[in-house]
Every structure is written in structure tokens, then in C-alpha cells.
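A.B. asks: In our numbering, the protein residues as written are 2 to 151.
Where is the CB? At the ideal position from N, CA and C, for every residue including glycine.
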């Protein structure tokens with residue numbers, strides 16, 4: 002299987018397959034989007050307890066992303082952790098959601114193509130997350146429907 006190609010108005014780049022196991026197909030819009038978000042629903046890898054997962058995701062994984070030089074085009078990174086009480090439900094397969102804001106498609110592709118990023122952040126993702134359960138949605142910047150003053 003060849004690597005997916007991202008096509009948009011001003012350039013075409015190919016992102017290499019993620020060596021740590023993700024095989025999800027990626028597509029890009031045919032028009033330029035100067036900034037976009039990736040919303041990823043994540044599940045912990047088998048054998049990792051709930052509290053250990055959240056501690057590692059908040060700690061080591063967050064630190065690796067924050068410290069990686071490859072994330073220079075990453076504008077914002079948010080983690081939304083599933084509440085412990087919500088684990089009483091059995092109908093939700095995910096442990097949380099990560100939201101990443103990028104300045105451009107190029108910034109996203111450059112980050113994931115970076116060998117240092119793959120060796121550190123990518124390796125940690127493979128150790129922490131169930132890559133086959135990952136669901137990612139590529140979005141434009143949101144339309145705010147309700148925003149109440151504080």
C-alpha cells in the first residue's frame with residue numbers, strides 16, 4: 002500500500018506511513034485551508050490500567066509533544082480525558098479525545114514525517130494507544146454556535 006497523498010491548492014506532499022502501526026487513510030481537501038484541527042478519539046492499549054493511562058498521557062506523552070522541535074507548526078494541543086465516573090458506562094470504547102490545531106496541512110505533514118518525532122512521540126503513541134481503535138476527524142476551525150460571557 003502506498004503512502005497517502007495530500008493534495009491542496011498550493012502544494013502536494015506525501016506523508017509516510019506511520020511506522021508505529023496506524024493504517025488509517027487520510028484525505029485532504031482540494032482547496033486551501035490555512036488552519037485546521039485534528040480531533041482524535043483514543044483508546045488505551047490492552048494491559049494498561051485506566052489511571053496509569055491517564056497519568057502517562059497527561060505526563061510523559063504531553064511532555065514529549067511539548068518539547069519536540071517537530072511540533073513548531075502545532076498551534077494548540079488539547080487533551081480531554083474521560084471522567085472516571087463515565088467508565089461506569091460500557092458503551093463507550095474511548096478513553097479520551099485529543100485536539101490538535103495546525104497552522105497548515107504542510108505543518109501537519111512535516112510534523113508526522115519528522116524522524117525524531119516518529120522515534121519519540123510516535124513510539125510513545127504506539128506504546129500508549131491502541132492504534133487500531135484510533136478514530137481521527139480532520140476539521141476546519143469550528144463554527145461557534147453558543148458562547149456565553151463568563
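1) Within its chain, find whatever has a CB closer than 8 Å to the CB of residue 77; leave out the 5 residues flanking it on each side and keep chain order.
2) Do residue 140 and residue 42 have their beta-carbon atoms positioned less than 9 Å apart in this structure?
3) From which residue to which residue does the alpha helix (DSSP H) around residue 129 run?
4) From the DSSP output, in three-state form, read off residue 139 for me.
5) Measuring only the C-alpha atoms, how far is residue 87 from residue 44?
6) Determine the extent of the alpha helix (DSSP H) in which residue 57 is found, giving its start and end residues.
7) Could you tell me which residues DSSP pairs with residue 99 in its beta bridges?
8) Please report the distance separating the alpha-carbon of residue 149 from that of residue 143.
9) Taking residue 74 and residue 104 to be in contact with their CB atoms under 8 Å, please state how far apart those CB atoms are, rounded to whole angstroms.
C.D. replies: In this structure, then:
1) 100, 101, 102
2) no
3) 124-129
4) strand
5) 14 Å
6) 51-57
7) 41, 80
8) 16 Å
9) 5 Å
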